[in-house]
Structures are given as C-alpha cells and as structure tokens.
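Heads up, the thing below is written out as structure tokens.
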Amino acid sequence: MELGVILQKVRNESPLIHNITNVVVTNFTANGLLALGASPVMAYAAEEVADMAKIAGALVLNIGTLNPEVVESMLIAGRAANEHGVPVILDPVGAGATPYRTSTAQKLLKELTISAIRGNAAEIANIAGQNWSIKGVDGAAGSGDVLELAKSAARMFHTVVAITGKEDIVSDGSITLTVKNGHPILTKVTGAGCLLSAIVGAFTAVEKNPVHSVAAALAYYGVAAEIAAERTSEAGPGSFQIELLNQLALVTPYEVEKRGIITLGGAANVH
Amino acid sequence: MELGVILQKVRNESPLIHNITNVVVTNFTANGLLALGASPVMAYAAEEVADMAKIAGALVLNIGTLNPEVVESMLIAGRAANEHGVPVILDPVGAGATPYRTSTAQKLLKELTISAIRGNAAEIANIAGQNWSIKGVDGAAGSGDVLELAKSAARMFHTVVAITGKEDIVSDGSITLTVKNGHPILTKVTGAGCLLSAIVGAFTAVEKNPVHSVAAALAYYGVAAEIAAERTSEAGPGSFQIELLNQLALVTPYEVEKRGIITLGGAANVH
Amino acid sequence: MELGVILQKVRNESPLIHNITNVVVTNFTANGLLALGASPVMAYAAEEVADMAKIAGALVLNIGTLNPEVVESMLIAGRAANEHGVPVILDPVGAGATPYRTSTAQKLLKELTISAIRGNAAEIANIAGQNWSIKGVDGAAGSGDVLELAKSAARMFHTVVAITGKEDIVSDGSITLTVKNGHPILTKVTGAGCLLSAIVGAFTAVEKNPVHSVAAALAYYGVAAEIAAERTSEAGPGSFQIELLNQLALVTPYEVEKRGIITLGGAANVH
C-alpha cells in the first residue's frame, strides 16, 4: 500500500463526496474535504438524495443528529449508491448512547451494503451487541480488546471496521492493521471523527481495496493532526482546529509516506 | 462563592451537556464546551431526547431556529430532565422578534421547571410581557432598568434570570449579582451568547446553587473573552473567535478568581 | 457608483438580513454578516418567517440543503418580503446537480419577485435551461460565454444576475459590469459563495439600484479576500477563512474604492 499515491489520487480526481451528516459538523466536514482536495456536497432531502448519491464518488452516512426523515433519506441514498457501485461509509455517532441511535446504525448495516464503518470502540461495541460504556457521543475507551472487537465486528457486518482512538485499528475480519498516527488534542475538536469518516469516503472513492483506503485515510489524517499540533502546541484547541484545516491542504504525499505508521495486527510495521 | 473551585469541578467531572439548539451555533457551542472541559451532545429527535436528557448533567434549550418538531422535542426532553433532577437552561434567542418565538419561550417556561434563563435585556423583557425593542436576534440595549427587570422576571418565572450585556445581571428574585467581565467584541461573534448559555448549563451541572453557578459561568466566560480580546485586539472578529476557544481551554481557576468581578446588586464587590 | 459610500452605509445602518439558508454555511454566513457590520438572523419555520421577513432589510434564500418544508417557508417569507418592499436575493446552490434543485430554483423565480440571483456559471445556466456541466455544488467553469449568459438570464428572469468565478459578471439585461477582484483560495472555503450572496443582500438593503449594490458587494468581498490572501498566503485555507472574517470587518471604504476594479461589459473601467 502506497499511502502517498492514494492521497495524490484523491487530489487529482477530487471525488464528489455526498454527506448526509449531523448539523454540528457540516461546516467543518465540508471545509476539511475541500482542504484535502475533494468535492463535498451535503444533500438530505428524500426528493434528491438518490440523484446526488449516484453521481458521487462515495456516500458518507453520519447519525450524529438523526431523525426519522434523515434516516429515510439515508436508506434511499444508500440504495442508490449500492445500485451504482458507489461506496458507502457509516459513522455511527453516539451508538449506545440512546437505543434509537444503536438501532438506527444496525438498521443501516442490515439494509445497505456498507464499505466501511468508522467509530470509537464504544460505538462499534454497541452496534455489535457488546455493552461497552459510552457517555454521550464521546466514547470512553473501554477495557475490552479493541483489536478483537474490530475483527469480530468486521466479520459480523461483512465490512471493513475502523476503530479510532489512541491507536486506530482497521480490519476486514481477516487482515487487521494498526495505524499509529494522530494526536490527543483531536478529542477537543468537535467533529474531528466525523471529518475523518468523510475523508475515509474520499479515499475509498479512489482506492477500491477498502482496508488500504481506510488505513491510508487514517494515516493521512493522523499525520496532518500531528503537524498541526506541533505548530500550535500551546495555543489551544481553536488554533489547532484551524491549523488542522491548513495541514489537510498542505501535507504532502511524501510527508504521509515518511511519517505514517501502519503495522500488521498490533506488531510489525508493514508500511 | 469560589469561582475557581466551580470551574475546576466542571473540568474534573466533565458533565455531559445535552443541547437542543439552533443550527447556526451548534459547532461553536460544541467546540466551546469541549474547550471548557465539558462533554457536549446534540440530540433533537423525539425518538431519543428523553433518553439523552436523563443521562445528562444539564439540558440546554435554545430557540434560535425553532420549529414545531424541535419545540415538541424540547418539551419531551425537558420533562425527562425534570423527572430525573437534571437542571434545564433556557436561551430565548430572539424572543420578541416574532410572536412565535415569544410564545414558545413562554410555553417552555410554563410547562417545564427551568433552573436558569440567559438572554439579553430585550429578550427577557419580551417574555416577561414588557415591550422592549428588539431587532432580529440582536437585542438592543433597552432604556429600562435592567436590574429591576432581572429581579421581576426571576420572581415571575420562579427561576434564576441572567441578563447579559455591557454588564451582566444575575437574579433569583431576592439575591441579585452583577458580573462585570466580558468584552464588546463578543457581539461580533455569532452564537457568543448561545455558547454562554451552554456553559451556564455546564456550571449548573456541578454546582447546585444556580445563582452561584450562573454568576461563575458568566465571570469565567467574561475573563476568557477579555484575555482573548487582549491577545487579538487589532486582528478582527475571526481571530478573536478562535482565541476565545483557546482561552476557554487555557484560562485557569486562579485567573478567573483574580480577574472575575462580581458585585452584590450594582454595588459592593462580593466575590 | 461610489463603492465606499455603499459600504459605509451598510455599516451605519446595520440592516437586518433574514437568511433561509443551508445547514452547512449558517455559522459562517452569520459571522461574515456580523463582520461586515450587518445584523444576521436565521429563521426557517413557517410559523415565523413572514413576521421576520417583513421587518428585514433583505431576505436571502439559499437552496443548499433544501427540503419541502424549507421551500414552503421560502415561499411564505418571499411573499411577505415582496409585499413589504423587502428585496429578495436567491442563491441557487447546486442547481443542475439534481432535478429537485433546478426545479426549486425555477419555482422560486416564478412565484417571487427576486432582486438578484448570485451563482456560478453552471448554476445560472442550468436554471436558465442551458445544460452546462456541474459537479455537486461546485460549478465547473463552463465553456460558454459567461457575459452573454448573465445578460440572457437577467432578461429571462427580470432580475439582476451575478455570475461569480475568476471574474464576476453583473447584469440586469441592459447594463453589464465585470468585477475583477477576489482570489482563487475562496474556492477552498465552504460557503464562500453563500456568504457573498448574504452580503449582496446587505448591500441591496441600503442601495436600491441593484446593479450598483450587487457590484459593490462583489468588489468589497473580493478586496477583503485579496487582502486576507496576502496576509495568509502560505498558511492554508483554515487561516484564510479566519482572516477573511477579519478583513470583512477591517477593510475600509477607502481601500474598497482604491482596489475595487469594476468595468463596463468586459472592457473599460467604469468605477
């Protein structure tokens, strides 16, 4: 897997990423995708989501502020995406925090073909029927075995699962990778995970092996966050947020290759 | 009242703050709460708001872009919060600008037990049935007696009323405090008041005396704004907005104690 | 046309701008209007939009994340604005990307009196029935004659048409102006066009000749963007976005007069 090549491909092709996402993160998600070099579009209405999804490079579904109308639009868009071979990414924000979120995430997984799920450990555990603790939409790092959780969830849902946290795990049930980039201050920026899910969509739009596309997206994002944190270390989360947008635009394929750390399982560096 | 102690308690406990707020300020509110050290969650659907409100440390209702579905969700969430002893904060954004906003604010006050209301003078006057001038959601500083307005509104609604402006007034009808922190450039950042209401929620989640929690939240926010303005004085409102997020994270309990100015009524410094 | 005079008038009068806009750009639009010196308000509910529109200085309709309820509110608000002589601005975001967007933009143009439309070439071409290519909400610069498109669309819809891109064209069908300010990095900030449409609303609120108000708004915005880009040239789109908000507040009437480049047709400088 050549991380820099996939990043360059996103920038060259500028795929259209159709987001049905929550009202908290729409602006930051769109700006992050633009900074990366992708083309964001948000469209929610049942009247148009099929038309938009079918011309997109990827469809990203995020349940952060869901309601019945939005869920219906997600199903319509997801079916159109599935019919046209457009990859669908799911971000199960806050699954486990309320029964409605958990059941909606499970419904989307049941009715649609999902290329990848990205969430924290508690969210993934909850949609997989394991009762990990969660507070609101900030998943507490559970005590369980995150590597095993990623594998079993990937097998259960026949998809690629990315669990992000101190270290990120990517698994399709047989191959499991660990991505060791990123920075803790990301947890102080709302929608940092949601934007990452959208970026996973952009990478999956141009690289059809989803384990590779997801791991490359995570490494790219982690490297950008590391550089942004280095440059704004003492300034606070406001400055970091802005510098993250800068670095998503500025980070080069070479830097991602050089700084990206991806290991097979929890062990040897395979990158 | 020890301002620094309450701030430290918020940071230690990181209360979950459930916001049902307007679409303009969701991102800024969430980032401000994260910067403070609280855990924001936005949830709007009737299907889940009761589940979210009952596990929250506080529920913050903001009518800035209301519609009938959101109002229904506010009532459901508010009842669940009331049943579980979760304090409810109301921000009556734009009350007085349209009859719908005024009557909705009044309905929420009638049907729910509200721990505190935060608004500008015109908003509070309008929901109290006094016809102060208001332009859109930016309340003009009326000519009336703001101290008296806060007291009478607190008595009328059996709640703590915070009227923010050049000076901030906090009253429960018997005790009335004036908070003399803040900076005029806050009026150039959309949602500066809405974020303050959410922060009032975070402080009220950890300090059960609402006059104290509200005054402490106002002093903390005002001190952060003052420092942010000092650091970005000539740069403009964009830079100030980012530095405010920084300072919400960086300001120490000691700085808030040292710079916070809270007086009893309009007179003696009681802090 | 005296560019500086119109800008100063906006700042002196601080018109209330009622926006019914998309969920991606609400915060940035509100902050940009505040930075300019206008008073933004967002109100969407059928229950209140007529009350808000009739007291506004301008109504700005943006179809970026439309749904049937919002379209109904746009019609109600638009009729109230029309009845009370409040100018209405239309931003047909993504017209052409889906049939729903195209037909909704056309419906608004048919049922309401619109003072000005602002969009990119593909959006304007699509609502005028010309099939220019568009990808999502980012209009590709078509190969057609943009000057001719602006003129013919203005005649077709009996309104002022502003097509923004590398150069901006403003036409009422007989007078056509070209505005040569701005910077390419604007395309890396989501909602840069949407904010411009809202600013067109603010200028049209205080200057009744819409060709003048629209051209002045475009020149002001372009000059602010140029200065912001000069100050943040290498830093990236995050820093540019914040500096743009700064410059919208800081740029003086004198600077706009000095740097604004407006030519008649595509030729002689008429400013």
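Those sequence lines, one after another, are chains G, H and L. Residue 1 is where the first sequence starts when you use the numbering used here, and the numbers rise one by one after that. Residue 1001 is where the second sequence starts when you use the numbering used here, and the numbers rise one by one after that. Residue 2001 is where the third sequence starts when you use the numbering used here, and the numbers rise one by one after that. Each residue gets a CB set at the ideal place from its N, CA and C atoms; glycine is no exception. Values in this document were obtained by computation on a predicted structure and should not be read as measured data.
With a threshold of 9 angstroms between beta-carbons, can residue i be considered close to chain G, or not?
i: D2138(L); result: Residue confidence is low: D2138(L) scores 48 on pLDDT, short of 50, so the model does not pin down where it sits. Its coordinate-derived value is still stated next. Output row for D2138(L): interface = yes.
i: I1055(H); result: yes
i: P2068(L); result: yes
i: M1074(H); result: no
i: R2101(L); result: yes
i: G2142(L); result: Confidence in G2142(L) is poor, its pLDDT being 44 and thus under 50, which makes the residue's placement unreliable; the coordinate value appears in the next sentence. It does not: the Cβ of G2142(L) has no partner Cβ on chain G nearer than 9 angstroms.
i: D1051(H); result: yes
i: E1123(H); result: no
Could you tell me whether the Cβ of residue i comes closer than 9 angstroms to any Cβ of chain H?
i: D2091(L); result: no
i: N82(G); result: no
i: A97(G); result: yes
i: L2059(L); result: no
i: E2255(L); result: no
i: E2226(L); result: no
i: W2048(L); result: Rather than Trp, the amino acid found at residue 2048(L) in this sequence is Glu. By this cut-off, E2048(L) is an interface position.
Measuring CB to CB, does residue i end up less than 9 angstroms from residue j?
i: T263(G); j: T178(G); result: yes
i: I2114(L); j: T2159(L); result: yes
i: A192(G); j: A58(G); result: no
i: N1246(H); j: A1035(H); result: yes
i: A2125(L); j: G2078(L); result: no
i: V2251(L); j: V2223(L); result: yes
i: Y2044(L); j: T1029(H); result: no
i: P87(G); j: G119(G); result: no
i: L33(G); j: I55(G); result: no
i: F203(G); j: V10(G); result: yes
i: A150(G); j: I169(G); result: yes
i: L2075(L); j: L2108(L); result: yes
i: P237(G); j: N1031(H); result: yes
i: P253(G); j: L3(G); result: yes
i: I1261(H); j: N1131(H); result: no
i: V24(G); j: T190(G); result: yes
i: V2049(L); j: A2116(L); result: no
Along chain H, in chain order, which residues have C-beta atoms closer than 9 angstroms to that of residue i?
i: E2243(L); result: A1235, G1236, G1238 and S1239
Chain L partners of residue i, CB-CB under 8 angstroms?
i: V1189(H); result: N2031 and L2034
i: D145(G); result: Result: empty, since nearest Cβ-Cβ is about 37 angstroms, beyond 8 angstroms.
For a contact meaning CB atoms closer than 9 angstroms, what does residue i contact in chain L?
i: T1065(H); result: T2026, M2042, A2043, Y2044 and A2045
How about residue i: is its C-beta nearer than 9 angstroms to some C-beta of chain L?
i: G1094(H); result: yes
i: R1259(H); result: no
i: Q106(G); result: no
i: E148(G); result: no
i: T263(G); result: no
Which chain L residues are close to residue i, counting only those with a beta carbon under 7 angstroms from its beta carbon?
i: L250(G); result: G2236
Just the chain H side, please: which residues come within less than 8 angstroms of residue i by C-beta, in chain order?
i: N2246(L); result: A1235, G1236, P1237, G1238 and S1239
What residues of chain G sit near residue i, judged by a beta carbon separation below 7 angstroms?
i: E1111(H); result: Correct list: empty, because the minimum Cβ distance to chain G is about 22 angstroms.
Fully enclosed by the segment 216-271 of chain G, which beta strand (DSSP E) runs are 3 residues long or longer?
Within the segment 216-271 of chain G, the complete beta strand (DSSP E) runs of at least 3 residues are 262-264.
Runs of 3 residues minimum, wholly inside the segment 148-181 of chain G: which ones carry the beta strand (DSSP E) assignment?
You should have 160-163, 168-171 and 176-179.
Between the segment 2002-2032 of chain L and chain G, which residues of the former have CB atoms less than 9 angstroms from a CB of the latter, in chain order?
Among the residues of the segment 2002-2032 of chain L, those with a Cβ less than 9 angstroms away from any Cβ of chain G are N2022, V2023, V2024, V2025, T2026, N2027 and F2028, in the order of the chain.
Could you tell me which uninterrupted alpha helix (DSSP H) segments, each at least 4 residues in length, are contained entirely in the segment 2049-2097 of chain L, listed from first to last along the chain?
Entirely contained in the segment 2049-2097 of chain L, the alpha helix (DSSP H) runs reaching 4 residues are, in chain order, 2049-2054 and 2068-2083.
Could I get the ranges of all uninterrupted beta strand (DSSP E) runs contained in the segment 16-41 of chain G, with 3 residues as the minimum, in chain order?
Counting only runs of 3 or more, we get 16-20.
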